[in-house]
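Asks: The structure follows.
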Amino acid sequence: MSVPVPLVIGLDVGGSSVKYVAAALGSAPGDAPQVLRRGTLATPGRRPVAGLVAAVAEACGSDEVHALAVSIPGLIDSGTGRVIRVANLPELDGVALQEELASALSLPVRVINDGHAAAIAEARWGSGQGRADVFTLALGTGIAGAHVLDGQVRVGANGSAGELGHVVVEPGGARCSCGQLGCLETIVGAPALQAAWRDAGGSGSPVELLRAFGDGDPRAVAVVERAASALADAILTLLALVDPGCVVIGGGLASAPHRLVLRAAQLVAERASFHQVPPILPAALGRWAGAVGSAATALECLGEDALGATR
Numbered sequence: 002m003s004v005p006v007p008l009v010i011g012l013d014v015g016g017s018s019v020k021y022v023a024a025a026l027g028s029a030p031g032d033a034p035q036v037l038r039r040g041t042l043a044t045p046g047r048r049p050v051a052g053l054v055a056a057v058a059e060a061c062g063s064d065e066v067h068a069l070a071v072s073i074p075g076l077i078d079s080g081t082g083r084v085i086r087v088a089n090l091p092e093l094d095g096v097a098l099q100e101e102l103a104s105a106l107s108l109p110v111r112v113i114n115d116g117h118a119a120a121i122a123e124a125r126w127g128s129g130q131g132r133a134d135v136f137t138l139a140l141g142t143g144i145a146g147a148h149v150l151d152g153q154v155r156v157g158a159n160g161s162a163g164e165l166g167h168v169v170v171e172p173g174g175a176r177c178s179c180g181q182l183g184c185l186e187t188i189v190g191a192p193a194l195q196a197a198w199r200d201a202g203g204s205g206s207p208v209e210l211l212r213a214f215g216d217g218d219p220r221a222v223a224v225v226e227r228a229a230s231a232l233a234d235a236i237l238t239l240l241a242l243v244d245p246g247c248v249v250i251g252g253g254l255a256s257a258p259h260r261l262v263l264r265a266a267q268l269v270a271e272r273a274s275f276h277q278v279p280p281i282l283p284a285a286l287g288r289w290a291g292a293v294g295s296a297a298t299a300l301e302c303l304g305e306d307a308l309g310a311t312r
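Going by the numbering used here, the final residue of the sequence shown carries number 312, and the count climbs one at a time with no gaps.
Structural data, given as structure tokens:
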């Protein structure tokens, strides 16, 4: 079977795994990328550039690749694609990742923040589809966020806008990987939830915690109520500062049946004063949103001339 061209690769790099998609243009302008194959690999350790090059080879097989985009869970220099800081992957700190991958692969490469990649996908083709103003959150090991206007992420003056996970919701609380005390991630991030669940006498992952919450286990209820309360406070801060038209919450901790998201949305509605509370929706694209958003970014970095020539 012939492979559509141009073929691009989108990588979504997480703390423990790299999700990849090999994709081509959608069937019509504005459509989501056509995903041809996808998979998951272990996150590379001491040699991250070599590991990501190997991930591209795994993703493309024997097919020719025309562009690559990589989403990273940290701060990126949006002009150069240099990694500024990744709290959960310190091996990448300071790496000129876009330049090094482009040199190693002889391809156009774009490096973007993982929250931005997921936001692109969710705002254009997920729960935010058809809405001009969307703020997305991804709840996982860390908490990524992004503001999307008319399908484009607003990255801020220095490329670091949207970091809601580092809004302080518990002054003097636990130390965050960023160095602050009491960030949202220290309560709602997956490691924090798992630790709180363990301290409460529970066992298992945050998925088991949320299941126990749904079953009414009082230990789980206490842990999840604290997390939902912190998330609600952060969302209220977001509403006061940004006033988005829609809030979309995804990531592993927001997956169906969406218990944490729904409880936080209830608390936002209860606590809102002057705030105009927009729809607060679970994400639709699941754990592949970041990789799909990266693939869309890879297609865009080919340029309109290249894309038009292959339609």
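Built from N, CA and C at the ideal position, the CB exists for glycine as well. This structure is a prediction, so every number in the text was calculated from the model and none was measured.
Would you call the CB atoms of residue 233 and residue 189 closer than 8 Å?
Replies: On the sequence shown, position 232 is the one that residue 233 refers to. On the sequence shown, position 188 is the one that residue 189 refers to. Result no, Cβ atoms of residue 233 and residue 189 do not sit closer than 8 Å.
Asks: On the DSSP letters alone, give me the boundaries of the alpha helix (DSSP H) that residue 207 sits inside.
Replies: On the sequence shown, position 206 is the one that residue 207 refers to. First-last of the alpha helix (DSSP H) with residue 207: 207-215.
Asks: In chain order, what residues of the same chain have a beta carbon less than 6 Å from the beta carbon of residue 291, not counting five sequence neighbours either side?
Replies: Position 290 of the sequence shown holds residue 291. These residues qualify, in order along the chain: 13, 72, 115, 118, 119.
Asks: Look at residue 124 and residue 135 and say whether their C-beta atoms are less than 8 Å apart.
Replies: Mapped onto the sequence shown, residue 124 falls at position 123. Mapped onto the sequence shown, residue 135 falls at position 134. Yes, these two residues count as a Cβ contact at 8 Å.
Asks: Please classify residue 226 as buried or exposed, where buried requires at least 16 neighbouring CB atoms within 10 angstroms.
Replies: In the sequence shown, the residue the question calls residue 226 occupies position 225. Flag for residue 226 reads exposed.
Asks: Please list the segments of the beta strand (DSSP E) lying wholly inside the segment 168-253, counting only runs of 3 or more residues, in order along the chain.
Replies: 248-251, all fully within the segment 168-253.
Asks: Whose C-beta lies closer than 8 Å to the C-beta of residue 133 among residues of the same chain, with five residues either side of it excluded?
Replies: Taking the sequence shown and counting its residues from 1, the one referred to as residue 133 is at position 132. Correct list, in chain order: 150, 151, 246.
Asks: Could you check whether residue 249 and residue 129 sit closer than 8 Å to each other, using their CB atoms as the reference points?
Replies: By 1-based counting over the sequence shown, the position of residue 129 is 128. By 1-based counting over the sequence shown, the position of residue 249 is 248. Contact flag set, yes.
Asks: Given a cut-off of 8 Å on the beta-carbon distance, is the pair residue 238 and residue 192 in contact?
Replies: The residue labelled residue 238 in the question sits at position 237 within the sequence shown. The residue labelled residue 192 in the question sits at position 191 within the sequence shown. It is not a contact, given that the beta carbons lie outside the stated cut-off.
Asks: Among the candidates 148, 90, 101, 25, whose CA atom is the shortest distance from the CA of residue 54?
Replies: Residue numbering aside, residue 54 sits at position 53 when the sequence shown is read from its first letter. When each option's Cα is compared against that of residue 54, the closest is 101.
Asks: Hey, residue 16 and residue 44 are a contact pair by Cβ (cut 8 Å); roughly how many whole angstroms apart?
Replies: In the sequence shown, counting from the first residue as 1, residue 16 sits at position 15. In the sequence shown, counting from the first residue as 1, residue 44 sits at position 43. About 7 Å; that satisfies the 8 Å criterion.
Asks: List the endpoints of the continuous beta strand (DSSP E) containing residue 283.
Replies: Against the sequence shown, residue 283 aligns to sequence position 282. 281-283 is the extent of the beta strand (DSSP E) around residue 283.
Asks: Kindly indicate if chain D contains any beta-carbon less than 8 Å away from that of residue 144.
Replies: The structure shown has no chain D; it contains just one protein chain.
Asks: Can you name, in chain order, every residue of its own chain whose Cβ lies under 8 Å from the Cβ of residue 8, other than the five neighbours on each side?
Replies: Indexing the sequence shown from 1 puts residue 8 at position 7. So the list reads 23, 24, 25, 37, 61, 64, 65, 66, 67, once near-sequence residues are dropped.
Asks: Tell whether a beta-carbon distance below 8 Å holds between residue 265 and residue 236.
Replies: Numbered from its first residue, the sequence shown carries residue 265 at position 264. Numbered from its first residue, the sequence shown carries residue 236 at position 235. Yes, the pair counts as a contact, with Cβ atoms nearer than the cut-off.
Asks: My assumption, with CB atoms under 8 Å, is that residue 88 sits in contact with residue 178. Please give the rounded CB distance.
Replies: In the sequence shown, counting from the first residue as 1, residue 88 sits at position 87. In the sequence shown, counting from the first residue as 1, residue 178 sits at position 177. Contact holds; Cβ gap of about 4 Å.
Asks: Within 10 Å of its beta-carbon, does residue 271 have 16 or more other beta-carbons around it, so buried, or fewer, so exposed?
Replies: The residue you call residue 271 lines up with position 270 of the sequence shown. Label assigned to residue 271: exposed.
Asks: Once DSSP output is grouped into helix, strand and coil, what is the label at residue 32?
Replies: Residue 32 sits at position 31 when you count from the first residue of the sequence shown. Three-state DSSP puts residue 32 in coil, outside helix and strand.
Asks: In the structure shown, what three-state DSSP assignment does residue 96 receive?
Replies: In the sequence shown, the residue the question calls residue 96 occupies position 95. In the structure shown, residue 96 sits in coil (DSSP, three-state: anything other than H, G, I, E or B).
Asks: By alpha-carbon positions, which one of 110, 95, 75 ends up nearest to residue 296?
Replies: If you number the sequence shown from 1, residue 296 lands on position 295. Ranking 110, 95, 75 by Cα distance to residue 296 puts 110 first.
Asks: Look up residue 64 in the DSSP assignment and say whether it is helix, strand or coil.
Replies: Within the sequence shown, residue 64 is the residue found at index 63, counting from 1. Coil at residue 64, not helix or strand.
Asks: Taking the CB atoms as reference points, tell me whether residue 11 and residue 70 lie closer together than 8 Å.
Replies: To locate residue 11, count along the sequence shown from 1; it is residue 10. To locate residue 70, count along the sequence shown from 1; it is residue 69. Yes; because the gap between Cβ atoms is below 8 Å, this pair is in contact.
Asks: Assuming residue 173 and residue 186 form a contact by the criterion Cβ under 8 Å, report the distance between their Cβ atoms to the nearest whole angstrom.
Replies: Here residue 173 refers to the residue found at position 172 when the sequence shown is read from its first residue. Here residue 186 refers to the residue found at position 185 when the sequence shown is read from its first residue. In fact, because the Cβ distance is near 16 Å, the residues do not count as touching under 8 Å.
Asks: For residue 146, which residues of its own chain have a beta-carbon under 6 Å away from its beta-carbon, when the five flanking residues on both sides are left out?
Replies: Mapped onto the sequence shown, residue 146 falls at position 145. Answer for residue 146: 116, 138, 163, 165, listed in chain order.
Asks: Name the DSSP beta bridge partners of residue 256, please?
Replies: Mapped onto the sequence shown, residue 256 falls at position 255. Paired residues: none, contrary to the question.
Asks: With which residues is residue 23 paired in a DSSP beta bridge?
Replies: Numbered from 1 along the sequence shown, position 22 holds the residue referred to as residue 23. Paired residue(s): 10, 38.
Asks: Taking the straight line between their C-alpha atoms, what separation do you get for residue 275 and residue 269?
Replies: Residue numbering aside, residue 275 sits at position 274 when the sequence shown is read from its first letter. Residue numbering aside, residue 269 sits at position 268 when the sequence shown is read from its first letter. If I take the Cα positions, the gap works out to 12 Å.
Asks: Per DSSP, residue 265 forms a beta bridge with which residues?
Replies: The sequence position of residue 265 within the sequence shown is 264, counting from 1. None; residue 265 has no bridge partner.
Asks: Report yes if the C-beta distance between residue 113 and residue 144 is below 8 Å; otherwise report no.
Replies: The residue labelled residue 113 in the question sits at position 112 within the sequence shown. The residue labelled residue 144 in the question sits at position 143 within the sequence shown. Not a contact, by the Cβ cut-off of 8 Å.
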